[in-house]
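full-length UniProt numbering applies: residue 1 is where the sequence shown begins, and numbers increase by one. Note that the Cβ used here is the ideal one computed from N, Cα and C, for glycine as well. Fair warning: this is a prediction, and the values are worked out from it, not measured in the lab. Working notes, beginning with the structure itself.
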Amino acid sequence: MAEKLDSKEMVTPDEHIYSSMVQIEAITRLLVKKGIITKDELQVEYKDLMREAKK
């Protein structure tokens, strides 16, 4: 039988989206800080992905 979730452990969809966004930003900043990618490379890749998503 499935366990009931504690309401204190549940997150709203907005909280989940925000958490994911912050994690992505943290990873991106680390990649730039360590010189693995540049901000320009990130912007180009982002624009490419957005173009692909619209197809």
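Going by DSSP, what residue range makes up the alpha helix (DSSP H) through residue i?
i	result
Met10	Looking at the DSSP string, Met10 is not in any alpha helix (DSSP H), and its letter there is neither H nor E.
Ala53	39–54
From residue i to residue j, what does the alpha carbon distance come to, in whole angstroms?
i	j	result
Ile24	Gln43	14 angstroms
Met2	Glu15	The identity of residue 2 in the sequence shown is Ala, whereas the question assumes Met. Using only the alpha carbons, I get a separation of about 24 angstroms.
Glu45	Arg51	10 angstroms
Thr38	Val32	5 angstroms
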